[in-house]
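K.L.:
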């Protein structure tokens, strides 16, 4: 209905322009007799003014109003461009900061990897030392076993020999006298026996001491190896944390660069709109100058009272055709229906910030992978970022009337291309978001549609433009419940007003 009224108003303006073109050539002739006419205070101020003159004056006022509106729109777009440039500057600063942080993380990761490499080398060296020590211990054990065998033979010889020369009380004089050989030979044998016994004991003790030393060295090396292994585990955990942080920063950088692209597109769109408005302003000024020249060159110049009467007629015409008092708000339909669980993330959701560490300037609508996405209003496809062979972040951007731009993220397929005109309810693509799927991007936890709304270059809460009654009430936050109650009350009031008009 509002669209019909707007078209009717535009048709009225065109009709007036055509009427003016027909009426202006005869304007001077038709108004030559106006000097002879008089007017009283009780008469209509436009009673003595011909219809073509009124139409001409009305058209001038109409063009002046349009020109004023376009100048205001131009200033608004100028402010919008400034805001977008500020946002773009902030995003670029964030990109520079993230680049620097990623560089620092690369340095830390490099240092961590060097430490891990050094510790790994030390562990290898220690393990070789442990292996060598174990081989030496095994060798010493073999030597000790051999020495035990030799010692057993020596002990047996000593036992036999000493039994010849000794009794329980020590050396026996009687046995010494009865022994074969001279006393000196016997004495020499006894010295040799003592020397052999002592030497065997010394060798055995030395081997045992060497084995004990090696065992102590092995234990020391094993303890060192345990410490190095623990250090290696800590370094690997630190390296994993650094790499995870780097991946997070790279993901954030990728998304921030995506935002930069969006801001650049919005900036370009705003500048194009500004150029179009500038052209419209120039055309309006040119037409206004032409019509005013023709109008004021005639003899039918309206008085202030007559001009005010024309302005009143204009206001009534615009109001009756729905031009005045019309809302600049664009109502959007849901691109996908909210599930029974409601939304998984709200606009500027604090829980999202706590998980991902960044602001969430959108709403997330849980929906099965591959759900058709419908255009929430008529518009033009401004950009499609999509690669059918990539899991990189994919999105569609639509430009609508009244300065509204919508963005659809994590799409798994698209059915439109840049420049296409789409109608409200038309399917523009398929939802995605499953980790590892086409178009999902790196930061996603499940199937859903990421939905953004931009108003005049500023990101805004999409729920300000959507019907809240479609969301399950038990899932809504309190602040949105209050807003939904206001929506319902406004609809009730609107119905009552319509009934009053009919009555």
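Numbering (the working numbering), first residue to last: 17 to 519. Even for Gly, the Cβ is constructed at its ideal location relative to N, Cα and C. Fair warning: this is a prediction, and the values are worked out from it, not measured in the lab.
Report the residue from 360, 423 and 116 whose alpha carbon sits nearest the alpha carbon of residue 8.
P.N.:
Outside the displayed range of the chain (17 to 519) lies residue 8, so it cannot be described from this structure.
K.L.:
Closest by CA to residue 263, which one among 115, 284, 348 and 393?
P.N.:
Of 115, 284, 348 and 393, the residue nearest in Cα terms is 115.
K.L.:
Report back the beta-carbon spacing between residue 431 and residue 445 to the nearest angstrom; my notes put them in contact at under 8 Å.
P.N.:
Correct: roughly 6 Å between the Cβ atoms.
K.L.:
From this set, 353, 87, 100 and 85, which residue's C-alpha is nearest residue 472's C-alpha?
P.N.:
It is 100 whose Cα lies nearest to the Cα of residue 472.
K.L.:
Under 9 Å between the Cβ atoms of residue 469 and residue 483?
P.N.:
Result no, Cβ atoms of residue 469 and residue 483 do not sit closer than 9 Å.
K.L.:
Let me confirm a value: residue 362 is counted as buried when at least 16 other C-beta atoms fall within 10 Å, else exposed. Which label applies?
P.N.:
With 16 or more Cβ atoms within 10 Å of its Cβ, residue 362 is classed as buried.
K.L.:
Just the C-alpha distance for residue 464 and residue 140, rounded to the nearest angstrom, thanks.
P.N.:
Straight-line Cα distance between these residues: approximately 50 Å.
K.L.:
Return helix, strand or coil for residue 414, following the three-state DSSP convention.
P.N.:
Looking at residue 414 - three-state DSSP - the assignment turns out to be strand.
K.L.:
Taking a contact to mean a Cβ-Cβ separation below 9 Å, would you say residue 412 touches residue 399 in this structure?
P.N.:
Their beta carbons are under 9 Å apart, which means residue 412 touches residue 399 by this criterion.
K.L.:
Runs of 3 residues minimum, wholly inside the region 459 to 503: which ones carry the beta strand (DSSP E) assignment?
P.N.:
Within the region 459 to 503, the complete beta strand (DSSP E) runs of at least 3 residues are 464 to 471 and 474 to 476.
K.L.:
Here's the rule I'm using: 16 or more other beta-carbon atoms within 10 Å means buried, otherwise exposed. How should residue 156 be labelled?
P.N.:
Residue 156 comes out buried.
K.L.:
Hey, quick one: how far does the beta strand (DSSP E) through residue 352 stretch, first residue to last?
P.N.:
Run containing residue 352: none; DSSP gives neither H nor E here.
K.L.:
Taking 8 Å as the limit between beta carbons, can you name the residues of its chain near residue 520, skipping five residues before and five after?
P.N.:
Within the shown structure, residues of the chain are numbered from 17 to 519, placing residue 520 beyond reach of any answer.
K.L.:
Buried or exposed for residue 437, going by 16 or more other Cβ atoms inside 10 Å?
P.N.:
Exposed, because fewer than 16 other Cβ atoms sit within 10 Å of the Cβ of residue 437.
K.L.:
Can you tell me which of the three DSSP states residue 364 falls into?
P.N.:
In the structure shown, residue 364 sits in coil (DSSP, three-state: anything other than H, G, I, E or B).
K.L.:
Per DSSP, which residues does residue 399 bridge with? Please list them.
P.N.:
413.
K.L.:
Answer yes or no: do residue 520 and residue 441 have a C-beta to C-beta separation smaller than 9 Å?
P.N.:
In the structure as shown, the chain begins at 17 and stops at 519. Residue 520 is therefore absent and cannot be evaluated.
K.L.:
Note down, in chain order, each residue of its chain lying with its Cβ closer than 8 Å to the Cβ of residue 509, except the 5 sequence neighbours on either side.
P.N.:
Within the same chain, residue 509 has no close Cβ partners at all.
K.L.:
Would you decide whether residue 503 is buried or exposed? Buried here means 16 or more other CB atoms lie within 10 Å of its CB.
P.N.:
Exposed, because fewer than 16 other Cβ atoms sit within 10 Å of the Cβ of residue 503.
K.L.:
Just the Cα atoms here: how many angstroms apart are residue 231 and residue 153?
P.N.:
In a straight line, the C-alpha of residue 231 is about 7 Å away from that of residue 153.
K.L.:
On the DSSP bridge list, what partners appear for residue 121?
P.N.:
Residue 121 pairs with nothing; no bridge assigned.
K.L.:
Indicate the three-state DSSP secondary structure (helix, strand or coil) for residue 429 in the structure shown.
P.N.:
Strand.
K.L.:
Quick one: any contact between the region 446 to 456 and the region 414 to 422, if contact means 3 or more CB pairs under 8 Å?
P.N.:
Contact between the region 446 to 456 and the region 414 to 422 is absent, because fewer than three Cβ pairs lie under 8 Å.
K.L.:
How big is the Cα-Cα spacing for residue 84 and residue 93?
P.N.:
If you take the alpha carbons of residue 84 and residue 93, they lie about 14 Å apart.
K.L.:
Please report the distance separating the alpha-carbon of residue 118 from that of residue 149.
P.N.:
For residue 118 and residue 149, the distance between alpha carbons rounds to 45 Å.
K.L.:
What separation, rounded to the nearest whole angstrom, lies between the Cα atoms of residue 456 and residue 410?
P.N.:
Approximately 7 Å between the Cα atoms of the pair.
K.L.:
Measuring only the C-alpha atoms, how far is residue 111 from residue 285?
P.N.:
Residue 111 and residue 285: Cα-Cα distance of roughly 22 Å.
K.L.:
Considering only DSSP beta bridges, list what residue 423 is partnered with.
P.N.:
Per DSSP, 413 and 468.
K.L.:
Would you mind giving the Cβ-Cβ distance between residue 270 and residue 458, rounded to the nearest angstrom? I have them listed as a contact below 8 Å.
P.N.:
Yes, residue 270 and residue 458 are in contact; Cβ-Cβ is about 7 Å, under 8 Å.
K.L.:
Beta-carbon within less than 7 Å of residue 381's beta-carbon, same chain only, minus the 5 sequence neighbours each way: which residues are those?
P.N.:
Answer for residue 381: 352, 354, 359, 464, 465 and 467, listed in chain order.
K.L.:
Could you tell me if residue 258 is buried or exposed, where buried requires 16 or more neighbouring beta carbons within 10 angstroms of its beta carbon?
P.N.:
Classification for residue 258: buried.
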